[in-house]
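Input: a single structure, listed below in structure tokens.
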DNA sequence: AGTTGCAGGTGGTCTGACCACTAAAGCGAA
DNA sequence: TTCGCTTTAGTGGTCAGACCACCTGCAACT
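Chains as they are written, first to last, in full-length UniProt numbering: chain B, 1 to 210; chain C, 1 to 210.
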């Protein structure tokens, strides 16, 4: 009676996580630094070793720590990319319609062109040109073209998201444009004409081959 | 001698994770269904209960399962993304990462406005207007405004990605615009003036408050 | 029939015990 | 001294067993 549903009593390992966070902060630990041993933590935090291990497992899963048997547990240099991959893989877990996927991917590609503009000097452009002429397969052209541009866009997060979408979409739909499209983009890339890029994509809308 | 460096011997809990995946698949378990008890799993999979628990902790962290003391372990219907909270509490994202995050989020918001345009009739616009006037806190305004638009953009995948970025960014940086900005967007939304939206964002660039 | 109370099952936690592994101290031979 | 080996202490990896708190279902009682 009068049961308060389930306030879910906090678990020990969650408390350990919090205390670890404080510990790392207070001791100014940097990536590569060593954490206290599991036994020492269990003793200090007044928790069983198994609970401490459950907390460490969580951190390991998120790529925040690295454990080396016989040596100890170490703080890992954090790369946002890792967690992005983990989370993205679950976002894509649910069924996504082909249209939604392509829409998002195309949007990213369009914006990437614009972001890359300032970084595309003469050398970069000829390099890109040489790259896409290595193959005659249009799908490959597409991938090569935008992989290069996404790198030049100078946003690791965007690159990562795009690569995941690219990988995922390649398994359900081949998407590429008319060969002329890439040449036009190359020209606009040189002119840095943002509006024209926007316009070009507007025309191209719903004209993806697949 | 002849040590093969250390390919990192796989841990038991990782094997358990894999076997659980197979189990779920083979038995066609759906969200809400019950998993075998920890003791039963340990017995079946020939592993200690603590190892099984470490695997379950991982799944719990990812929001894939839910454990109810006294009842059992159940497949979860939705993901709460608790790992995001945990991650951001541990990491002070580097400035570079923070900037990238905001850049991607802003880009998505901009495109979402355009995608939502066709679906924003008179009724929808007044509804949105009423929503954002419920609060005077600018950060809340921002979230409410774009949550509504992202929904109207009619792309579940884009919505999901945005929510993820929003959740992340809200824990490391408050980002919102001048109040006037939202009013301008509302106007352009009515006019469906895509170029002006693009232009407005171009002006707003690097003017995020935080 | 309605209520109570008990028994069994479940997750949550702790302890102690091994194992495999690593690094550093110790030590003997060159 | 210096080199190379053995020893040893400490670490993570794992397991088994023991409680506890909690939930459910069922049997016994009213």
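Using N, Cα and C, we set each Cβ at its ideal position, and we do this for glycine too.
Residue nearest to residue i in terms of C-alpha spacing, selected from the options
{"i": "residue 71/C", "options": "60/C, 101/C, 35/C, 142/C", "result": "35/C"}
{"i": "residue 121/B", "options": "137/B, 103/B, 153/B", "result": "153/B"}
{"i": "residue 158/B", "options": "13/B, 115/B, 23/B", "result": "115/B"}
{"i": "residue 68/C", "options": "9/B, 137/B, 19/B, 14/B", "result": "9/B"}
{"i": "residue 173/B", "options": "61/B, 128/B, 98/B", "result": "98/B"}
{"i": "residue 199/C", "options": "151/B, 164/B, 194/B, 14/B", "result": "194/B"}
{"i": "residue 180/C", "options": "204/C, 161/C, 165/C", "result": "204/C"}
{"i": "residue 73/C", "options": "29/C, 14/C, 108/C, 96/C", "result": "29/C"}
{"i": "residue 160/B", "options": "26/B, 47/B, 109/B", "result": "109/B"}
{"i": "residue 155/B", "options": "26/C, 96/C, 47/C, 20/C", "result": "96/C"}
{"i": "residue 178/B", "options": "137/B, 44/B, 15/B, 20/B", "result": "137/B"}
{"i": "residue 45/C", "options": "27/C, 20/C, 24/C, 25/C", "result": "20/C"}
{"i": "residue 107/B", "options": "123/B, 162/B, 129/B, 151/B", "result": "162/B"}
As assigned by DSSP and simplified to three states, the class of residue i
{"i": "residue 114/B", "result": "helix"}
{"i": "residue 15/B", "result": "helix"}
{"i": "residue 71/B", "result": "coil"}
{"i": "residue 172/B", "result": "coil"}
{"i": "residue 35/B", "result": "coil"}
{"i": "residue 6/B", "result": "With a pLDDT of only 46 at residue 6/B, under the threshold of 50, the placement of this residue in the model should not be trusted; the figure read from the coordinates follows. In the structure shown, residue 6/B sits in coil (DSSP, three-state: anything other than H, G, I, E or B)."}
{"i": "residue 167/B", "result": "helix"}
{"i": "residue 195/C", "result": "helix"}
{"i": "residue 209/B", "result": "Residue confidence is low: residue 209/B scores 49 on pLDDT, short of 50, so the model does not pin down where it sits. No coordinate-derived value is stated."}
{"i": "residue 201/B", "result": "helix"}
Anticipated Cβ contact below 8 Å, residue i with residue j, distance rounded
{"i": "residue 149/C", "j": "residue 112/C", "result": "5 Å"}
{"i": "residue 141/C", "j": "residue 135/C", "result": "6 Å"}
{"i": "residue 17/C", "j": "residue 58/C", "result": "6 Å"}
{"i": "residue 51/B", "j": "residue 12/B", "result": "4 Å"}
{"i": "residue 61/B", "j": "residue 61/C", "result": "6 Å"}
{"i": "residue 54/C", "j": "residue 53/B", "result": "7 Å"}
Cutoff 6 Å; reference residue i; Cβ partners in own chain excluding five residues on either side
{"i": "residue 188/C", "result": "196, 197"}
{"i": "residue 145/C", "result": "132, 182"}
{"i": "residue 139/B", "result": "174, 176"}
{"i": "residue 33/B", "result": "75"}
{"i": "residue 192/C", "result": "117"}
{"i": "residue 130/C", "result": "none"}
7 Å Cβ shell around residue i - same chain, five flanking residues per side excluded
{"i": "residue 118/C", "result": "none"}
{"i": "residue 169/C", "result": "101, 102, 105, 175"}
{"i": "residue 76/B", "result": "31, 63, 64, 65, 66"}
{"i": "residue 184/B", "result": "200"}
{"i": "residue 47/C", "result": "12, 16"}
{"i": "residue 151/C", "result": "159"}
Residues near residue i by beta carbon distance below 8 Å, same chain, minus five either side
{"i": "residue 39/C", "result": "49"}
{"i": "residue 125/C", "result": "186, 189, 190"}
Distance cut-off 6 Å: residue i Cβ against heavy atoms of the ligand SAM
{"i": "residue 13/B", "result": "With respect to the ligand SAM, the structure shown offers nothing to examine, as it has no ligands at all."}
In the region 117-151 of chain B, which residue ranges form an unbroken alpha helix (DSSP H) of at least 4 residues, counting only runs that do not cross its ends?
122-132
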